[in-house]
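Residue numbers (UniProt numbering): 1 to 864.
Laid out in C-alpha cells, this is it:
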C-alpha cells in the first residue's frame, strides 16, 4: 500500500478524475455537479497571506514546467519521478495536453511546503479553434444555473461581447484547489482558421481582453500572488502561429501587457536576447511617475498597454516577467539541453531575464540516459538509484571528499569537496555534438562536460521567499522504499507500505546539497574562518520520519582549535519571531561509541540590525556546555548576532528518543520591540575538538503556543469524526488463508477512510486552519478496539501502520495485514467457534513539533 493512496479515483467510479478536463463542456458539467465548491478566498485559502509576501522581489525567477510523461503519471504504488528542488523554484507549472490541467493535490501540497507558487494550464492546440471561440463567447446558461450572472459578459468591444464565464470558473478552480493561477497556451493559427483579416483582428483582441480580465479579476479575488503567464505563440498582429523568441511591439507586446508574465519559446539566440534587452530599456526611458498613469481597473481592459507596463517597471517586475524557455530535451534550444541546459540558463540570467525550464523529467525519460539502465526494470531499485545520481548531477552536482595523498593523510581541510561526474555525462555530450553538428568530444575527464559543468541551482542564489510563522523539514524525498516513523522502518511490499511516490511527502532540501558543506568556526574574538568541509547526503538506510534523513560526515582536519564553535548552515528560512518560538532538532550519532561523538545543537541567524562594529558577520554561535564524555547530553541553542539579536534562549534540554535518536529543544523569546524580527538561517553545531558524524532526522521552528501540552490538549477537544465507506460493489471481506500466522492475517477490505474535525468545533474555515497545522496523518489498524494517544511502535503487536497521508483527509484502502485480536487465538481458529473479530482504524494527526495534535477512530468488524 502506498503512502497516500491516490484520490484521483473514487469508490463508485474508478475512472473519474477531477484533475483535468478535456473540453470546456466538461468544465461546465463539473461546476453544475459541484454546488458546494469553496470559491471565495478565506484566511486559509492559498495559505500565504498578502502581508507575508516579500515586496518587490527583483531577482530573476526560476520557473519550472512539469511535463513528465504527459502529466498525471503519479503511480503511488511504484517509486517513480519526483521533483525535489521546489525550494529554489519561484513558480511551478503543472502541464499536460488536456484542455484544463489542475495540479494534483500532492503537488499543490508540496508547493505549499516549499512556499512555491503553482499554476495550472489552459491549452488550445491543433484543431481546437471552436473550443477557443467557445471560451470567448461563453455558454448560454439559464439565469438560475449561472453562478454569477452579473459577470457573464464583459462588453467593451464595439462589435464583439466577450464572456468572462470561463475566466471566472478558472479563478474558482484555483481558489478551491488552492493554487495561484494559470499558464495560457494557445497554439492555434487563428489566421488560417478564420481567413478574414477583420475577424482575425477581432479574435486576437478578444483573446487579449479575456487574458487581461483573468489577470485583473484574479488579483482582485486572490491577491498579488495571482499569476497569469502567457506562452508566446499567436501573433497579435495577424493571428498567425508565429513564435517570436523575443519581445516585439506588434506581435506579442499586448499579450505581455495583458498577462503577468510572458513565456518565450526555446529557439532563441544571443541576438534575440539583445533585441529584447534593447526593447525593455525603452520602457525604462518612457516610464512615467506613478501619479501620472491611471490605475488599472476592469473598466479599462481594451485600452493601451502602457499602464500595465508602467506598473511592471515601477514594481521592478518588467525584466523578471520575461521568461525565456529552456527545453531540457533540447529540441532546438541553444546548447542542446540535457546536462548542458545550465549554459542556456546562464545566458538568460546574464541578460537579466528569468528562466522557464521545460520538462525536467528528461533525467528519467531520456533514451540517452537509459543506456546504462538497459535490462533494468523501470522504477526498480537499481533504476531509481541511477536516475537519482543523474538527477543530482543535473541540479546540484555530485561531490566527494578531497582525494588523499599516497601516505593516506587527507588534504588540508580548507579544500572544497571534489566534483565528480556520472558516465552519462559523456554520453549526453556525444548526443549534443551530434544534434548541433559540433566536433565529437574526446572521452575522459579533460574533454567531457565536467570541467565546465555547473549544476543548474548554482546559478540561482539561495533566497528568502516569504515570511511564515513556522519552519519544518525532515529532508524527505517525494518517494521512498517504505517509510520511517519515529526511527522505525515500515516496509511490507506485499501487504503494507512498499515502494511509493507521493510529492506531498517532499520537504525542503538542505542548502548544503547545492552550496557544498563548508564548516565555519567562530573564535573567541568573534572572527570566523572556514575550518573544514563535510559531505552531506540524503540516505534511506536510516531515518526518523519520511524517506530517510541527512547523513553528515566531516572530513578529518587539522585546523580546529579550542575555543571555537563549529557550524554547518543547513536551511535558509524566513520565520517570524513576533511571538515565542520552539526550536527542535532530532539527531543521531553515526557511531555512538566514538570518542569524538558530541551532542548537536542549533545555530540561528536573525535579521537583527547591524551591530556597532558596523559589520553583521555571518557567524554561527553555539552554546554547548557539555563535553564528549559519557553521561547526560546537554545542548544549548544560541543566536547570531550574539549582541542585539533580539532573541534569548531558555528551557534548553536534550532527551533520548527511540531507536538511538535524540531530541534537542529550546524556547526562543523575542526580547526586542520589533515585530519584523525574523530567523533567516538555521544550522547545526557541535563542540570544539569533535567532528560532525551524525544523522539529522528533522528540524523545526514552531510558535510555542502550538507545542505546549499538545498531547494533553487532544484529551480536551472532541475526537476526529472518522468514517469508513465500504466499496460500492459491496464485495465481501476476504481473508487470505494462504498468508496468516499467529500474529496477523491479510484482510482484503476495499473502501475509503475519511476523517474531519467535528462540526461543533468550528466552521469549515476553522477546520482548514487547524488542518494547516498538521504535518501528516498516521493511519493504524488495531485489534484492541481502543484509542492510544501515543504513536504505536513495533513492540505493540496489536497495532500496525497501514498508511501516511499529507495534504488531505481521506485514504483509499484495498486491504491490510491485520493484527489478530485477543479473541482470535489459535485455539479458537482451530475450533468451530464463531469469533466476532474487531479492528479499529486509528488516525493520529502529527504537528510540526512531532507531537500528536488530534486523533480519532472508527470500528471495523468481521465475523469468522
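Cβ atoms here follow ideal geometry from the backbone N, Cα and C, with glycine treated the same way.
Residue 502 is not a Cβ neighbour of residue 462, given a cutoff of 8 Å.
In this structure, residue 236 and residue 204 form a Cβ contact; the two beta carbons are roughly 5 Å apart against a cut-off of 8 Å. For residue 365, the closest alpha carbon among the candidates 719, 22, 69, 64 is that of 69. In the DSSP annotation of this structure, residue 604 is not part of any alpha helix (DSSP H); the continuous beta strand (DSSP E) holding it starts and ends at 601–606. A straight line joining the alpha-carbon of residue 840 with that of residue 384 spans about 36 Å.
By the neighbour-count definition (other C-beta atoms within 10 Å, threshold 16), residue 304 is an exposed residue. For residue 574, the uninterrupted beta strand (DSSP E) run begins and ends at 565–576, by DSSP. Distance from the CA atom of residue 283 to the CA atom of residue 255, rounded to whole angstroms, is 16 Å. Contact between the segment 377–395 and the segment 91–103 is not established, with fewer than three Cβ pairs separated by less than 8 Å. A direct Cα-Cα distance of roughly 37 Å separates residue 313 from residue 130. Taking 8 Å as the cut-off, the Cβ atoms of residue 858 and residue 723 count as close. Taking a contact as a CB-CB distance under 8 Å, the pair residue 217 and residue 257 does not count as one, their CB atoms being some 16 Å apart. The three-state reading of DSSP puts residue 490 in strand, counting E and B together.
Annotation for residue 776: the continuous beta strand (DSSP E) segment containing it runs 774–782. Bridge pairing for residue 209: absent [DSSP].
In this chain, the beta strand (DSSP E) harbouring residue 230 covers 227–231. Inclusion of residue 260 and residue 229 in the CB contact set at 8 Å is warranted, their separation being smaller than that value. In this structure residue 574 touches residue 464 by the C-beta definition: roughly 4 Å separates them, less than 8 Å.
For residue 59, the three-state secondary structure derived from DSSP is coil. Annotated three-state conformation of residue 539 is strand, per DSSP.
Excluding its 5 nearest sequence neighbours in each direction, residue 362 has C-beta neighbours in its own chain below 6 Å: 328, 329, listed in chain order.
A contact between stretches requires three or more CB pairs, one per stretch, nearer than 8 Å, and the segment 113–132 meets this requirement with the segment 180–189. Uninterrupted alpha helix (DSSP H) stretches at least 4 residues long and entirely within the segment 224–268 occur at 253–258, given in chain order. Contact annotation, residue 519 with residue 533: C-beta distance approximately 6 Å; criterion of less than 8 Å satisfied. Note on geometry: alpha-carbon atoms of residue 81 and residue 95 lie some 15 Å from one another.
With respect to the 8 Å criterion, residue 110 and residue 506 are classified as neighbours on the basis of their beta carbons. For residue 702, the enclosing beta strand (DSSP E) begins and ends at 693–703. Residue 188 has its alpha-carbon roughly 6 Å from the corresponding atom of residue 241. Residue nearest to residue 590 within the set 475, 694, 679 is 694 (criterion: CA-CA distance).
Less than 8 Å separates the beta-carbon of residue 592 from that of residue 660. At least 8 Å separates the beta-carbon of residue 267 from that of residue 233. Per the coordinates, the alpha-carbon of residue 22 lies some 14 Å from the alpha-carbon of residue 120.
The distance from the Cβ of residue 428 to that of residue 338 is about 4 Å, consistent with a contact at the 8 Å cut-off.
Contact check for residue 607 against residue 508 fails: the beta carbons are separated by 8 Å or more.
The alpha-carbon of residue 667 is positioned some 20 Å away from that of residue 697. Counting of Cβ neighbours within 10 angstroms places residue 546 among the buried residues, the total reaching 16 or more.
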